[in-house]
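Notes for the one structure printed next.
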Amino acid sequence: DAGVIQSPRHEVTEMGQEVTLRCKPISGHNSLFWYRQTMMRGLELLIYFNNNVPIDDSGMPEDRFSAKMPNASFSTLKIQPSEPRDSAVYFCASSWRDDSPLHFGNGTRLTVT
Amino acid sequence: LAKTTQPISMDSYEGQEVNITCSHNNIATNDYITWYQQFPSQGPRFIIQGYKTKVTNEVASLFIPADRKSSTLSLPRVSLSDTAVYYCLVAFNTGGFKTIFGAGTRLFVKA
């Protein structure tokens, strides 16, 4: 079991650029979650999917953020255009069911200059 | 919404038992209580989950009183490598379970 795989591990980009973060959940897990972590706000739930369908996206900060899960083994979180305040560590997590323990990836550290 | 409250930080020494208590006064009937551990530059890692009474696994115990308005994570004989942030959380049902993290407790284990 390779665990949840996120890419890239680090991303540095300039304000206004599009950023795409990728996640491969654990095979067989039916729920996928995107979180953002900053010193000021801690871990924030952005969106979660169940069986590839978005269930709750109320945590997505703005229209600049979008997330997709085209199949059970892949999800993306896109920010367009990016802003310096989007700088954070973005975590993807998956679970067997949406009330099961979460398995986190090692995150993508995003820096927007 | 079930909100959790934990101490911001705790200090301990190697070999001691550490108990971290979390309050969740508005916990609902269907809610489970879950604890995670996070090291720097890593994602949170699941430690233990429970619904009521006591749960024990190879790394920790979780004590939940009858009213379920609080829970206590117990780490036996901590070591330096247990220095981390510990999150107590309650997943609540909004048509799917939504897992919200609180601020966590920063545990520092000294030699």
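These protein sequence lines are chains A and B, in that order. Letter 15 of the first sequence, counting from 1, is numbered 15 in the numbering used here, and no numbers are missing. Letter 104 of the second sequence, counting from 1, is numbered 104 in the numbering used here, and no numbers are missing. We put the beta carbon where it would ideally sit given N, CA and C, even for glycine.
At what residues does the beta strand (DSSP E) containing residue 78 of chain B begin and finish?
-> Along the second sequence, read from residue 1 onward, the residue named residue 78 of chain B stands at position 78. From DSSP, residue 78 of chain B is part of no beta strand (DSSP E); its letter is neither H nor E.
Is the CB of residue 81 of chain B under 9 Å away from at least one CB in chain A?
-> Taking the second sequence and counting its residues from 1, one reaches residue 81 of chain B at position 81. Not one chain A Cβ lies under 9 Å of residue 81 of chain B.
Which residue spans inside the stretch 35-94 of chain A form an unbroken alpha helix (DSSP H) run of at least 4?
-> As far as the stretch 35-94 of chain A is concerned, it has no whole alpha helix (DSSP H) run of at least 4 residues.
What are the start and end residues of the beta strand (DSSP E) that includes residue 3 of chain B?
-> On the second sequence, position 3 is the one that residue 3 of chain B refers to. Element bounds for residue 3 of chain B: n/a, residue is neither H nor E.
If you measure from the beta carbon of residue 91 of chain A to each beta carbon in chain B, is any gap under 9 Å?
-> In the first sequence, counting from the first residue as 1, residue 91 of chain A sits at position 91. It does; some Cβ of chain B falls within 9 Å.
Just reading off the beta strand (DSSP E) that residue 7 of chain A is part of, what are its end residues?
-> Position 7 of the first sequence, counted from the start, is the residue given in the question as residue 7 of chain A. From DSSP, the beta strand (DSSP E) with residue 7 of chain A extends over 5-7.
Considering only residues of the same chain and omitting the five flanking positions on each side of residue 35 of chain B, which have a CB-CB separation below 6 Å?
-> Numbered from its first residue, the second sequence carries residue 35 of chain B at position 35. Counting only Cβ-Cβ distances below 6 Å, and skipping sequence neighbours, we find 47, 48, 73 and 88.
7 Å Cβ cut-off: residues of chain B touching residue 101 of chain A | For this step, residue 101 of chain A is matched to residue 101 along the first sequence. Those are 34, 46 and 49, listed as they occur along chain B.
In whole angstroms, what is the alpha-carbon distance linking residue 60 of chain B and residue 3 of chain B?
-> Numbered from its first residue, the second sequence carries residue 60 of chain B at position 60. Numbered from its first residue, the second sequence carries residue 3 of chain B at position 3. Looking at the two C-alpha atoms, the distance is approximately 23 Å.
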